[in-house]
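Data first, discussion second: the structure below is written as structure tokens.
4 protein chains.
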Amino acid sequence: MSLSEDQTITIPAAPETVYKTLRATVPALEAKLYEAVPLLDHGFVRVIDYMGDDHAIVQAARVSYGRGTRKVSEDAGLIRYLMRHRHTTPFEMCEIKFHVKLPIFIARQWIRHRMASVNEYSARYSVMDREFYIPDPAQLAAQSTVNRQGREAVLEGDEAARVLALLRTDAERSYDHYAWLLNEESAEKPADPDRQGLARELARMNLTLNTYTQWYWKTDLHNLFHFLSLRADSHAQYEIRVYAEAMLEIVEAWVPIAAQAYRDYRLGAHSFSAPMLSVLRRMLAGEKVEQPESGLSAREWREMMATLEQPA
Amino acid sequence: MSLSEDQTITIPAAPETVYKTLRATVPALEAKLYEAVPLLDHGFVRVIDYMGDDHAIVQAARVSYGRGTRKVSEDAGLIRYLMRHRHTTPFEMCEIKFHVKLPIFIARQWIRHRMASVNEYSARYSVMDREFYIPDPAQLAAQSTVNRQGREAVLEGDEAARVLALLRTDAERSYDHYAWLLNEESAEKPADPDRQGLARELARMNLTLNTYTQWYWKTDLHNLFHFLSLRADSHAQYEIRVYAEAMLEIVEAWVPIAAQAYRDYRLGAHSFSAPMLSVLRRMLAGEKVEQPESGLSAREWREMMATLEQPA
Amino acid sequence: MSLSEDQTITIPAAPETVYKTLRATVPALEAKLYEAVPLLDHGFVRVIDYMGDDHAIVQAARVSYGRGTRKVSEDAGLIRYLMRHRHTTPFEMCEIKFHVKLPIFIARQWIRHRMASVNEYSARYSVMDREFYIPDPAQLAAQSTVNRQGREAVLEGDEAARVLALLRTDAERSYDHYAWLLNEESAEKPADPDRQGLARELARMNLTLNTYTQWYWKTDLHNLFHFLSLRADSHAQYEIRVYAEAMLEIVEAWVPIAAQAYRDYRLGAHSFSAPMLSVLRRMLAGEKVEQPESGLSAREWREMMATLEQPA
Amino acid sequence: MSLSEDQTITIPAAPETVYKTLRATVPALEAKLYEAVPLLDHGFVRVIDYMGDDHAIVQAARVSYGRGTRKVSEDAGLIRYLMRHRHTTPFEMCEIKFHVKLPIFIARQWIRHRMASVNEYSARYSVMDREFYIPDPAQLAAQSTVNRQGREAVLEGDEAARVLALLRTDAERSYDHYAWLLNEESAEKPADPDRQGLARELARMNLTLNTYTQWYWKTDLHNLFHFLSLRADSHAQYEIRVYAEAMLEIVEAWVPIAAQAYRDYRLGAHSFSAPMLSVLRRMLAGEKVEQPESGLSAREWREMMATLEQPA
């Protein structure tokens, strides 16, 4: 059974009107407005609206620090200083609103970021689309044996094919039964007049977690950088990381100076604890330091030596 | 295929030790600590910890209003005044932590309340239990024809039986396939040594939305009252309302005065707009008011007359 | 002693460039951008940036309610429905940034609204301006005898003159001493080379609470409406109410439909508790209800009869 | 003129009753409950209530990571892992409520931390106490010449004495005038029956910023650690740092394992950017690196070499 055309989640197109504004405007981001970046098999992210630019960060910092900042002649220098020293409030002055289509199990990770505004498509009110995330074979991987929350070797042989077939079959069957439960030919007309049909708020429970949903998600640049730190990180699950990476590219078009500062000081950065700093100073002084007398646990020692590309 | 005993989500039992404390302590809530209130078919809510009592609200209000409050001789009077006039910050001084087991599609509604702390069972790290929400036949209802987000007539005849069978079969099959995808006899040993198994963070996508999850959920009394206003309301979905009602009973044991004030001024309250107040004054003055000249839309007029139990 | 020109808090002027954008743009608000609305004796509020318009609220609601909303043909009807039924999240999709200059004792009230981003002029980094709030004689009022947090009769005779003189003299003297403590002819050159001068972060403690400060304050429309409900209310202190009223006028230019819905359903609205509703129904049925058997306290009874313009 | 005894801000004493509870209880913190730690000349901080302990963090992490954590046999190891890898949500499960008395200009810094609940003594409702912060001579320092937000050399000669006298005289005079403006012998009786007196909400504007206020301040352990990172830091203003340090001692009594992990991984830690890590690896490989070809700015180079105790 299939749902009518009319029931497909519509994606509003870009408006054709160009307006005049006195607001801070970023041509590189204007060029991307409303344009969906395709992700996974049916997902996307696109910018619907934004407020502020690199200069808005500087402007906010200058009202805070007042005349105290007049010697920092260059905006870039000030933004990089703010990022390096974690002066985060000026970054809150920029705001961005995304339209995102994503599988429900990824939406459940994403929503844990509380400092954002969300309007999600509601399956209490409306009928979900028949779209599911089925991974690309290159993404079908076994559980990592060293990392409880990671994956490792890509599935080989026909196991991948069997896994894909099973994921697809279960999702489709669950969706078809969901549609049967609803019993809606359209919102006004039952598919089978002899059945009452099940309320939408109940029928949705039969869907699988790879069903796609969508939402508007709006946050400020500070909270977005925090989101990206966790979700564009190599430890993040691949299926959310692709969204984060696409968003980071959007941020680079929007606030290029802040995005570069973020890449330099946050993304590739590493924090050393006080005991690690002490080991580091001894090593730089030419001393041969051994783990047992380093003050670090064996695990911390391994992590530190890996970061420094030194033999553990 | 079944998972081993060892993989069942464990519910920590109440500690046997009784401690001595100088903190505000509520015997009626102590009697309920750690005790799971069963909800739906496999869910529960229970209190794990709390901070503050009715007097903590008063104490906070008195530090705010200082000597200005010394004439409000009675705690109850002050708490009722705070509730009536929406002085909300003193209610934030009480905090409570729940352990909740609930279906995923309800967890998705619940998490929209952002002013709370959450630690949810992670299906990236661990294996989900084989438990699904299958509604009681009395809860299987058709879509409401007047309310897009509601349900109406209970399913009759054998439609209910067919619906239940389908929900159960789909959930069980999806779970069994999830277990097959994982291929874990135990965390260390594959079920089938010839297969690699799929990483947990991927396999979970095959589960249906009525699978049970669980979390610790901690919030303050002000935000809890806001949650209850929306979720213990008659328009809330039945499956979350039962949790809200159980939590309201817990709140009544914890802060009986605040809970009564909440029931009196918030739960059963109704807000009248300025134009509605004007209509009300004319009616009380003995005037016969008609909708067309009332300044209210037909819909607002109907809502108002229903609230006042007057003929529309 | 006076500070140099160079030390005056600068107010960035409106940019002269007009940009082209695809974003939602509100001509009526564009006309007000950067324009300071003067308030009190030296304060102001002005809009620096904004995101979204009335349609953005509708757009967010429609993604939530999906195809379920297609029958609400008119945007205004949907916005009014959202406001009446407290569906608040779509209003979070609009964001606004103000530049505000205000006395410190009012800033202390304002900052209690936590769901906003703030960058305030810092007296640790920079020198404060020599500007203080001295009330207009019409605003010099005695303590209310019925309301612990209100004022009442305007001061008469020469008491007002004495009060004003004292406020002015104390503020000026404290500021002059602050400048003396700083000992800065300019940031580089001491006023008196024989003194070290006191650090800015310490010297500021000598200022009086009517000294003006300024900040960028950014929030979303839902939280702004909440702010306005408390601060544009007749119980709010006059000195913050004038800011709230000016901001409400700005909101009316920005999102006229939402602003009108807010005025109708929130600003002039009154909430009746369950026991009050019961009294109301009896009165409308022609019954003569007396306070002692009404279920309401004497105070609640008086409040209710005043609202209904009935004799208590 | 002096205010009556009755108008002094009262500090509720510890309750004498010892209660029995099943909740997590920390004897080392119970011993400190209600006990004011004196700070500055008239300030203090004291714990009024708390919820949770080190084990509550572990408990929350285990519900998140489920059976995945069963191999981390020791609580301390898990807490240290969470802290090192910034898994912050389990720390939100602990909550603490402080009663703090502090100068207004410090309260203005403090309140910028938004993720907390606050009830402050209100000068709209009540009369402020006649207490001001006058720094110890050892804290009277000149503006730093290298750090716009710091202080440096302690004032010498008689400049300190003149500064102290001026601070004291201005605060006392402003307060005396505040009391004159109020014209309250008591809340019911004017000091001078021929004057109306000025409303409290207005009279307060004459107070200086070193006047003491007080509040209840409640937050969770994650947000408290964030507060301490900024306010117990050597760059924080001395007058707020003493509060942060006293609170850190309280945290050590409350959650000793988490507090130690915080000291090891957060307080003394230093973050190196990607370019800095590259320099570090070259240095450890025995290479002689110079700033101009390091990829770091001169300022970053100096900061890095200072951290590593290497010649710049």
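Chains as they are written, first to last, in the numbering used here: chain F, 7 to 318; chain U, 7 to 318; chain V, 7 to 318; chain S, 7 to 318.
All residues carry an ideal CB built from backbone N, CA and C; glycine is no exception.
In this text the structure is predicted, and so the values were computed from the model without any measurement.
field: Beta-carbon spacing of I85/F, A264/F below 7 Å
entry: yes
(message) Less than 7 Å between the C-beta atoms of L234/U and A252/U, yes or no?
(response) no
Spell out whether any CB of chain F is found under 7 Å from the CB atom of M57/V.
yes
Fill in: H241/U, buried or exposed, once every other Cβ within 10 Å from all chains shown has been counted against 16
exposed
As assigned by DSSP and simplified to three states, the class of M57/S | strand
**Study point:** chain U contacts from the stretch 121-138 of chain S (Cβ-Cβ distance under 8 Å)
**Key:** S123, V124, N125, E126, Y127, S128, Y131, S132 and V133
Which runs of the alpha helix (DSSP H) fall wholly inside the stretch 196-244 of chain S and span at least 4 residues, in chain order?
-> 206-209 and 227-237
Q) Under a three-way DSSP split, which group does Q316/U fall into? A) coil
| field | Contact between the stretch 104-124 of chain S and the stretch 59-66 of chain S (3+ Cβ pairs under 8 Å) | value | no
Output yes or no for whether 7 Å exceeds the beta carbon distance between I54/S and E245/S. no
If we define contact as Cβ-Cβ less than 7 Å, is S300/F a contact residue for chain S? no
Review point. Where in the stretch 102-130 of chain F do unbroken runs of the alpha helix (DSSP H), each at least 4 residues long, occur, reported from the N-terminal end onward?
Key: 110-116
- Nearest to I256/S by CA position, among R29/S, K26/S and A34/S, is which residue? A34/S
Check: From S123/S, M89/S and L173/S, pick the residue whose C-alpha is nearest to that of D142/S; which is it?
Finding: L173/S
- Item | Closest Cα partner of V261/F within the set D60/F, T23/F, L28/F and R29/F | D60/F
Practice prompt. Determine the DSSP secondary structure at E309/F, reduced to helix, strand or coil.
Written response: helix
**Prompt:** Given a threshold of 16 other Cβ atoms within 10 Å of its Cβ, counted over all protein chains shown, does E315/U qualify as buried or as exposed?
**Reply:** exposed
| field | Cβ-based neighbour list, H183/F, same chain, cut-off 6 Å, excluding 5 preceding and 5 following | value | N212
Determine the DSSP secondary structure at P44/V, reduced to helix, strand or coil. strand
Rounded to the nearest angstrom, what separates E165/S and T175/S at their Cα positions?
15 Å
### Where E11/U sits in the DSSP three-state scheme
Residue confidence for E11/U is low, a pLDDT of 37 falling below 50, so the modelled location carries little weight; the figure read from the coordinates is stated next. Three-state DSSP puts E11/U in a helix.
message = Here's the rule I'm using: 16 or more other beta-carbon atoms within 10 Å means buried, otherwise exposed. How should D239/S be labelled?
response = exposed
| query | In chain order, what residues of the same chain lie with their CB nearer than 8 Å to the CB of V69/V, ignoring the 5 residues before and after it? | reply | none
Within 7 Å (strictly less), CB to CB, does R29/S reach chain U? yes
Below 6 Å, is the gap between the Cβ of L84/F and the nearest heavy atom of the ligand SAM? Inclusion of the ligand SAM in the displayed structure is not the case, the ligand content being empty and no account of it being possible.
Boundaries (first-last residue) of the beta strand (DSSP E) holding V160/V | R157 to V160
Open item on the list: If we define contact as Cβ-Cβ less than 7 Å, is W307/V a contact residue for chain U?
Closed with: no
Going by the DSSP bridge assignment, what does H276/S pair with across the sheet? F278/F
- Query: Taking C-alpha atoms, which residue in T23/V, T31/V and A275/V lies nearest to V24/F?
  - Reply: T31/V
TODO: Check each candidate in R179/V, F231/V, Q243/V and Q220/V and name the one with the smallest Cα separation from F50/V.
DONE: Q220/V
For a test of the three-state rule: what should DSSP assign to V261/V, helix, strand or coil?
coil
Spatial distance of G292/F from R90/S (CA atoms) = 27 Å
Q | Where the alpha helix (DSSP H) containing T344/V begins and where it ends | A | Within the shown structure, residues of chain V are numbered from 7 to 318, placing residue 344/V beyond reach of any answer.
Beta carbons nearer than 7 Å to chain V: which residues of the stretch 276-289 of chain U have them? H276, S277, F278, S279, A280, P281, L283, L286, R287 and M289
Q: Measure the Cβ-Cβ separation of F138/U and T217/U and say whether it is below 7 Å.
A: yes
message: Once DSSP output is grouped into helix, strand and coil, what is the label at G83/F?
response: helix
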